[in-house]
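In the order they appear, the protein sequences are chains A and B. Here our numbering is used: the first sequence runs in plain steps of one and ends on residue 415. Here our numbering is used: the second sequence runs in plain steps of one and ends on residue 710. Beta carbons: idealized from backbone N, C-alpha and C, even for Gly.
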Amino acid sequence: MNDTDPQLPEDVRKALKESPTFTPPESFYTQVMRDIRKQDALLRPETPRWAWIWGSPMKLAATTGIIMISYFVARDQTPWGPKKAEVVYDQFGSAGRSPVMAQAPTPTLDKNEIVMLHKIVNAPAATQTGARAAAKDDALKIPRPIDADSVADKSTTAPADAPAVLRERVDAPEKKRAAGAPFPWQSNVQAKQMEPMPALPASIPQLGGGTNAGASHKELSAMAKSKNARLLRDEASGSWSGQDSRISFFRTAVITTAADWTVLWRAHVTSPAPAVDFEQWMVVGLFAGNRPDLQGISIVAVQTLPDQVLVTYQEIPLIPQRGDPAKITPYTLRSIAKTSLPIHFKKL
Amino acid sequence: VEDLDDFEAILRAEGPRIYTLAIRLCGNTADGSDLAQETFINAWRHWKDFRKESHVGTWLYRICVNLWKNRVRYEKRRSFWKHVSLNGSSSDEDAPKRELADGAPALDALLEKAEEGDRVSQAMSKLDPQDRALLTFREIEDKPYEEIAQLLDVPLGTVKSRIARARDKLTQEFSRIER
Numbered sequence: 068m069n070d071t072d073p074q075l076p077e078d079v080r081k082a083l084k085e086s087p088t089f090t091p092p093e094s095f096y097t098q099v100m101r102d103i104r105k106q107d108a109l110l111r112p113e114t115p116r117w118a119w120i121w122g123s124p125m126k127l128a129a130t131t132g133i134i135m136i137s138y139f140v141a142r143d144q145t146p147w148g149p150k151k152a153e154v155v156y157d158q159f160g161s162a163g164r165s166p167v168m169a170q171a172p173t174p175t176l177d178k179n180e181i182v183m184l185h186k187i188v189n190a191p192a193a194t195q196t197g198a199r200a201a202a203k204d205d206a207l208k209i210p211r212p213i214d215a216d217s218v219a220d221k222s223t224t225a226p227a228d229a230p231a232v233l234r235e236r237v238d239a240p241e242k243k244r245a246a247g248a249p250f251p252w253q254s255n256v257q258a259k260q261m262e263p264m265p266a267l268p269a270s271i272p273q274l275g276g277g278t279n280a281g282a283s284h285k286e287l288s289a290m291a292k293s294k295n296a297r298l299l300r301d302e303a304s305g306s307w308s309g310q311d312s313r314i315s316f317f318r319t320a321v322i323t324t325a326a327d328w329t330v331l332w333r334a335h336v337t338s339p340a341p342a343v344d345f346e347q348w349m350v351v352g353l354f355a356g357n358r359p360d361l362q363g364i365s366i367v368a369v370q371t372l373p374d375q376v377l378v379t380y381q382e383i384p385l386i387p388q389r390g391d392p393a394k395i396t397p398y399t400l401r402s403i404a405k406t407s408l409p410i411h412f413k414k415l
Numbered sequence: 532v533e534d535l536d537d538f539e540a541i542l543r544a545e546g547p548r549i550y551t552l553a554i555r556l557c558g559n560t561a562d563g564s565d566l567a568q569e570t571f572i573n574a575w576r577h578w579k580d581f582r583k584e585s586h587v588g589t590w591l592y593r594i595c596v597n598l599w600k601n602r603v604r605y606e607k608r609r610s611f612w613k614h615v616s617l618n619g620s621s622s623d624e625d626a627p628k629r630e631l632a633d634g635a636p637a638l639d640a641l642l643e644k645a646e647e648g649d650r651v652s653q654a655m656s657k658l659d660p661q662d663r664a665l666l667t668f669r670e671i672e673d674k675p676y677e678e679i680a681q682l683l684d685v686p687l688g689t690v691k692s693r694i695a696r697a698r699d700k701l702t703q704e705f706s707r708i709e710r
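Structural data, given as structure tokens:
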């Protein structure tokens, strides 16, 4: 087959050959250019139509989220809990910020008293809490003086038989409680119900003042039965403990002078300091700080060893649903025979 | 082409040729004009793909033919390009009326004046699109079979046989109109 088979009639072929060239009207060019401009606009990188609506809110939400996360991470605590720093460090002021200090008058200590307080309350913390106590001082930005006379040597270790002896002492109240006896810490008059400590003096200390100044042991026992029994019992035994100290950070205390005792007591409670004869006695004790998880703290043993006096204390866990946990600041203080040996504290 | 002004110059230079080709392929001015417009718009859109290995007119010609093939394929799927009598008679009375552009009255005035040319154009418009395109390429534009086969993407033998059949159909249509 080729292009000549079949052929078109000559007239048709001629007509086809002579078919005219069509000239587009001007409207054709105009229309084409208008469509091209329209297409060109559509083909450009199109700005998202709703970008201006979603852009700003999304940026704002992202920024807010980042700020909130940074805030909570910096606080290092749960988002809705109390501010730890205010609770811990409010003891010297800004009572309005602290729920703990809001109900108690702020102690009016001048700068010298604060320095003195730190000097007498700078006994080393127990091994478990030493770093924490140091951190508190750093936060307070108050130099932590080192007093060789009152600060015990941290490097001293307990004798080999101490754990067994102490364990026996510690287990004794539990055994009594199991037998039906009341807990020693179920009353504020703790010392009367506690086991006599081996390091306690055989006789009642001669107190430096107050209603029981100069009284003998029998006289003090008689006074303890009077209407001021609680105070007398406390002072007679040389022991003070409770849950409402205004010292809201952990501290151990070794008091050897009346001046130190007065300063410590003013920082501790608002009532006048009990009289203690520091010629024969000294006071050792612990402040647990703001510890919502504790019911109390107690000295379970004071052991005089050849090279040191070992004060063993125990933290008593909180019984659930008892009082406001946020306001518990347990403490315990006890008078012991004055000694030049270093005082060590050990937590059971 | 850097901007629209340059492209408009090309449009005005190549416009008549593409416009004429489009009308001849479609068989009527309205569809042809649409096809020519679409050709130039596509050329602008794909101008970056033009490798300048051939003349721009050839490139535009090829675009126009490809677009026409796409149209035919599309209309075939819709059964749109089946032969419809331009007299308006239809065997299916219930079928919706198609708004096909009437080729004959839309042809150029010169062609309308020439009775012979008028009958040829009427006969061409009654052919199938493929036959009309084959006769346009071969009889009017004198393109060789090889180029036609390349343009329509069909084998050379198929092109020749289809052209032969198209000539026969055109002759029959021309004779019918003449009577």
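Practice task
Go to A/I366, then tell me how far its beta strand (DSSP E) extends in each direction, as first and last residue.
Solution key: Element bounds for A/I366: 361–371.
Exercise for the section: Reducing DSSP to helix, strand and coil, say where A/T324 ends up. Expected result: Looking at A/T324 - three-state DSSP - the assignment turns out to be coil, as it is neither helix nor strand.
Practice task
Have a look at A/W328 and A/V237 and give me their C-alpha separation to the nearest angstrom.
Solution key: 29 Å
Problem - A/I136 to A/K126 span [Cα, whole Å] - result: Taking the straight line joining both Cα atoms gives about 15 Å.
Exercise for the section: Name the two residues that bound the continuous alpha helix (DSSP H) containing B/K607. Expected result: 587–608
Handout entry: Closer than 8 Å to chain A by CB, B/F546
Key = Inspection of the sequence shows that residue 546 of chain B is occupied by Gly rather than by Phe. Chain A, which has a Cβ nearer than 8 Å to the Cβ of B/G546, makes this yes.
Exercise for the section: In the DSSP assignment, find the beta strand (DSSP E) that holds A/P397 and state where it starts and stops. Expected result: That residue, A/P397, is in no beta strand (DSSP E); it is neither H nor E in DSSP.
Problem - Reduced DSSP secondary structure (H/G/I, E/B, other) of A/E241 - result: helix
Handout entry: Test: A/S137 CB closer than 8 Å to a CB of chain B
Key = no
Practice task
List the endpoints of the continuous alpha helix (DSSP H) containing B/I708.
Solution key: 687–709
Problem - Beta carbon proximity, B/Y550 to chain A, threshold 8 Å - result: yes
Exercise for the section: Residues of the stretch 566–588 of chain B with a CB closer than 8 Å to any CB of chain A: list them in chain order, please. Expected result: A567, Q568, F571, I572, W575, R576
Problem - Spatially closest choice to A/G309 from A/T324, A/V336, A/A325, by CA coordinates - result: A/V336
Handout entry: When B/V603, B/I679, B/V690, B/F705 are compared against B/A657, the one with the closest alpha-carbon
Key = The amino acid at residue 657 of chain B is misidentified as Ala; the sequence shows Lys. Cα-wise, what sits closest to B/K657 is B/F705.
Problem - Pair within 8 Å by beta-carbon distance, A/V367 and A/L408 - result: no
Handout entry: Three-state secondary structure (DSSP) of A/Q347
Key = coil
Exercise for the section: Starting from B/G563, follow the alpha helix (DSSP H) in both directions and report where the run begins and ends. Expected result: In the DSSP annotation of this structure, the continuous segment of the alpha helix (DSSP H) that includes B/G563 starts and ends at 560–576.
Problem - Cβ shell of B/G563 (< 6 Å), same chain only, five flanking positions each side left out - result: A553, I554, C557
Problem - is_contact[B/F705, chain A] using C-beta, thresh 8 Å - result: True, the Cβ-Cβ gap to chain A drops below 8 Å.
Exercise for the section: Show which residues of chain A have a CB atom less than 9 Å away from the CB atom of B/R663. Expected result: The contacting residues do not exist; B/R663 stays about 11 Å from chain A at best.
Exercise for the section: Could you work out which residues of chain B lie near A/T90, taking near to mean beta carbons separated by less than 9 Å? Expected result: G546, P547, Y550, T551, D639
Exercise for the section: State yes or no: is the C-beta of A/P91 within less than 8 Å of the C-beta of B/A567? Expected result: yes
Handout entry: Rounded C-alpha distance that separates B/L701 from B/R593
Key = 25 Å
Exercise for the section: Give a single yes or no on whether A/V367 has its beta carbon closer than 7 Å to a heavy atom of the ligand MN. Expected result: The ligand MN is absent from the structure shown, which contains no ligands of any kind.
Problem - Continuous beta strand (DSSP E) stretch holding A/P384: start and end - result: Membership of A/P384 in the beta strand (DSSP E) is indicated by the continuous run 376–384.
Problem - Element boundaries [beta strand (DSSP E), containing A/G309] - result: 306–309
Problem - Proximal chain A residues relative to B/L535, where beta-carbon distance stays under 8 Å - result: Within chain A, the residues near B/L535 are M100, I103, R104, D107.
Handout entry: Inter-residue Cα distance where the pair is A/I133 and A/A141
Key = Going by the C-alpha atoms only, they are around 12 Å apart.
Practice task
Just mark A/W348 as buried or exposed, buried being the case when its beta carbon has 16 or more other beta carbons within 10 Å.
Solution key: Result: buried.
Handout entry: Which listed residue (B/D537, B/N559, B/R602, B/W599) has its alpha carbon closest to that of B/W575
Key = Measuring from the Cα of B/W575, the nearest candidate turns out to be B/D537.
Practice task
Give the residues of chain A in contact with B/E539, contact being defined as C-beta atoms less than 8 Å apart.
Solution key: Y96, M100
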